[in-house]
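Beneath this line is the structure, given in structure tokens, with notes to follow.
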Amino acid sequence: MAKGITRAGLAWATTAKVASNWHPLTMLSHMLDGQLYGLDPAGHHATSLLLHLANVLLLFEVLRRMTGAVGRSAVVAALFAVHPTHVESVAWIAERKDVLSALFWILAMEAWARYARQPSIGRYGLVALLMILGLMAKPMVVTLPFALLLLDVWPLERLRLGWRWLAVEKLPLLALSAASSLITLRYQETSLAPLDAVPWSLRAANALVSYVASLGKLFWPRDLAVFYPIPPAIPLWKAAGAALLLAAITALAVWRTRREPWLPTGWLWFLGTLVPVIGLVQVGRQAMADRYTYIPSIGLFLAVVWSVAELLKEHRAVLATVAGIGILALAAITRVQIGYWADSATLFRHALAATDDGNYLAHIGLGKALIGVKDCEGAAEQFQAVLARYPYMSEARAGLAAAQREGSCSTRSSTPR
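Each number in my numbering comes from the position in the sequence shown (counting from 1) with 14 added on.
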């Protein structure tokens, strides 16, 4: 990618398996950055930041056109802009797929709104094209047809056409989702966790608990980490409690459909768009990830902002104050969160502080970072912490061996722990 866009690179990007996924458009964007900036990380970060800014502005404009509510749309866009859980998607260059796929997702929302106002084959084709581009950036876009169906209910108010027609209308888009899912499963087949390693009972329990944890971090963004390990077991009461909470919120949202139609749209958007990454099909070793909420958070922000605005609509000064304080508070937390991405050692130290000692990936990542700054004794401690729990983990064994081989750096670095 550092060589920029080449004929060989273009051919590679169309078939390459990167991080167990097929996302050629994302790889092409990295190649373009390589063409423009070489290996200078500042340029690559700038591209991701500009894509996030474009998403914020487009989201505001699309919501404004759909709803006619300028202030509420601006608050949703502002929350999307500054929320701490989005730091991972923007600050981590490798997560370019988040901001890039969201760009096509939001553009598809606008294209769908235009189609809804005046249906035509050309306008529908534009939606399909944008969805294809989004899928080529990140397979998580498979849930777009479901999100468009929710937008049909509110704010587009197309229920007069009947559920059957609204469902049939999405069939071509669902076919794209099915094709992308098959491609993704093909590319991920060697990375899928076997059932004996992560049984269905644990996957289901983890999905329920992760839904609630992700919801909690959107409302109270503390202890955000680059990696949340899957626990070896989840108590039945914890999974059952999570299931009851999710069911209760869903029942409330559906019950309020007529008076507050944005509630089921926003809540079901959050639930539905997280399905591909909630862990039922387990790829990787994470229980959840902050970056997974980049698109799902839009639905939750919609539900919350519209509900609070209705509650305080007779008290505009109070409403503006609440919105301002909330946005400023989130921006302050985000500024702190960005600081944890200054370097690998800082990032993984924070991950260990935010999670428990079972975060083996954070220990390993910190160990490797400490080797890089010639603190092999400190690195060995990190690998040993992993091996104390997982004595046969090859990555930790290899790291410990590497630390012990570096005799010349056995003196501790001055870098604080």
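Even for Gly, the Cβ is constructed at its ideal location relative to N, Cα and C.
Leaving out the 5 sequence neighbours to the left and right, which residues in its chain are closer than 7 Å to residue i when beta-carbon positions are compared?
{"i": "Leu238", "result": "Pro98, Thr99, Lys231, Asp304, Gln351, Ala368"}
{"i": "Phe241", "result": "Gln300, Ala365, Asn373, Leu375, Ala376"}
{"i": "Asn220", "result": "Ile244, Ile248, Gly293, Ala301"}
{"i": "Tyr51", "result": "Gly57, His58"}
{"i": "Val89", "result": "Val319, Ala337"}
Do residue j and residue i have their beta-carbon atoms positioned less than 8 Å apart in this structure?
{"i": "Ala399", "j": "Ala417", "result": "no"}
{"i": "Leu144", "j": "Ala108", "result": "no"}
{"i": "Gly313", "j": "Trp281", "result": "yes"}
{"i": "Trp276", "j": "Trp320", "result": "yes"}
{"i": "Leu73", "j": "Ala91", "result": "yes"}
{"i": "Leu140", "j": "Ala130", "result": "no"}
{"i": "Leu39", "j": "Met150", "result": "yes"}
{"i": "Pro133", "j": "Pro290", "result": "no"}
{"i": "Ser194", "j": "Val156", "result": "yes"}
{"i": "Gly48", "j": "Gly18", "result": "yes"}
{"i": "Val101", "j": "Trp355", "result": "yes"}
{"i": "Leu180", "j": "Pro159", "result": "no"}
{"i": "Leu93", "j": "Phe315", "result": "yes"}
{"i": "Ser228", "j": "Thr307", "result": "yes"}
{"i": "Ala127", "j": "Arg178", "result": "no"}
{"i": "Ala27", "j": "Met41", "result": "yes"}
Determine the DSSP secondary structure at residue i, reduced to helix, strand or coil.
{"i": "Met145", "result": "helix"}
{"i": "Pro235", "result": "coil"}
{"i": "Thr425", "result": "Unreliable positioning characterises Thr425 in this predicted model, as indicated by a pLDDT of 46, which lies under 50. The coordinate reading is nonetheless provided below. Coil at Thr425, not helix or strand."}
{"i": "Gln132", "result": "coil"}
{"i": "Pro290", "result": "helix"}
{"i": "Met432", "result": "Residue 432 falls outside the range modelled here, since the chain spans only 15 to 431, and no answer is possible."}
{"i": "Ala417", "result": "helix"}
{"i": "Val295", "result": "coil"}
{"i": "Tyr354", "result": "coil"}
{"i": "Pro213", "result": "coil"}
{"i": "Ala6", "result": "Nothing about residue 6 can be reported from this structure: the residues present for the chain run from 15 to 431 only."}
{"i": "Thr28", "result": "coil"}
{"i": "Tyr308", "result": "coil"}
{"i": "Asn69", "result": "helix"}
{"i": "Asn373", "result": "coil"}
{"i": "Pro159", "result": "helix"}
{"i": "Pro278", "result": "helix"}
{"i": "Pro38", "result": "helix"}
{"i": "Pro249", "result": "coil"}
{"i": "Pro169", "result": "coil"}
Just tell me which of the options has its CA closest to the CA of residue i.
{"i": "Ser62", "options": "Val89, Gly82, Ala95, Ser34", "result": "Ala95"}
{"i": "Ala60", "options": "Thr28, Leu73, Arg110, Ser191", "result": "Arg110"}
{"i": "Ile347", "options": "Arg236, Ile378, Arg363, Gly280", "result": "Arg236"}
{"i": "Trp283", "options": "Leu162, Ser228, Leu196, Leu199", "result": "Leu162"}
{"i": "Ala105", "options": "Phe362, Lys388, Gly353, Ser408", "result": "Gly353"}
{"i": "Phe118", "options": "Gly340, Ala402, His329, Ile309", "result": "Ile309"}
{"i": "Glu274", "options": "Gly48, Glu324, Thr287, Trp234", "result": "Glu324"}
{"i": "Gly379", "options": "Lys388, Phe362, Ile341, Ala25", "result": "Phe362"}
{"i": "Thr279", "options": "Pro246, Val318, Asn35", "result": "Val318"}
{"i": "Gly340", "options": "Val84, Lys31, Phe233, Asp357", "result": "Phe233"}
{"i": "Arg217", "options": "Ser103, Leu50, Arg86, Val295", "result": "Val295"}
{"i": "Gly381", "options": "Ser358, Trp26, Asp370", "result": "Ser358"}
{"i": "Thr29", "options": "Arg272, Ala267, Arg200, Trp251", "result": "Arg200"}
{"i": "Asp370", "options": "Leu258, Thr81, Pro246, Leu342", "result": "Pro246"}
Taking only the alpha-carbon atoms, compute the straight-line gap between residue i and residue j and give it to the nearest angstrom.
{"i": "Leu53", "j": "Phe397", "result": "30 Å"}
{"i": "Ser191", "j": "Cys390", "result": "47 Å"}
{"i": "Leu71", "j": "Ala337", "result": "18 Å"}
{"i": "Thr360", "j": "Val76", "result": "38 Å"}
{"i": "Pro55", "j": "Thr198", "result": "29 Å"}
{"i": "Phe168", "j": "Ala189", "result": "It is Trp, not Phe, that sits at residue 168 in the sequence shown. Cα-Cα distance, rounded: 24 Å."}
{"i": "Leu326", "j": "Ser43", "result": "44 Å"}
{"i": "Ile385", "j": "Ala68", "result": "38 Å"}
{"i": "Val332", "j": "Ile120", "result": "30 Å"}
{"i": "Leu165", "j": "Leu173", "result": "10 Å"}
{"i": "Ser311", "j": "Tyr406", "result": "38 Å"}
{"i": "Trp36", "j": "Ala334", "result": "44 Å"}
{"i": "Ala412", "j": "Glu183", "result": "54 Å"}
{"i": "Val84", "j": "Arg330", "result": "14 Å"}
{"i": "Ser408", "j": "Glu395", "result": "16 Å"}
{"i": "Leu185", "j": "Leu414", "result": "53 Å"}
{"i": "Leu342", "j": "Leu401", "result": "42 Å"}
{"i": "Thr20", "j": "Thr287", "result": "35 Å"}
Return the chain-ordered list of same chain residues with a C-beta closer than 8 Å to the C-beta of residue i, the five sequence neighbours on each side being excluded.
{"i": "Tyr404", "result": "Tyr374, Ala410"}
{"i": "Leu260", "result": "Leu222, Tyr225, Val226, Leu285"}
{"i": "Ser427", "result": "Residue placement at Ser427 cannot be trusted, given a pLDDT of 43 that sits under 50; what the coordinates show is reported in the next sentence. Correct list, in chain order: Leu384, Val387, Lys388, Asp389, Gly392."}
{"i": "Arg86", "result": "Leu77, Val319, Trp320, Ala323"}
{"i": "Ile146", "result": "Leu190"}
So, does the CB of residue i fall closer than 8 Å to a CB anywhere in chain B?
{"i": "Gln398", "result": "Note that chain B does not occur in the displayed structure, where there is just one protein chain."}
At a cut-off of 7 Å, would you count residue i as near the ligand HEM, judging by its Cβ distance to the nearest heavy atom?
{"i": "Val400", "result": "Inclusion of the ligand HEM in the displayed structure is not the case, the ligand content being empty and no account of it being possible."}
Tell me which residues share the same chain as residue i and place their Cβ nearer than 6 Å to its Cβ, disregarding the 5 neighbours each side in the sequence.
{"i": "Val264", "result": "What sits at residue 264 in the sequence shown is Thr, not Val. None."}
{"i": "Ala267", "result": "Leu277, Pro278, Trp281"}
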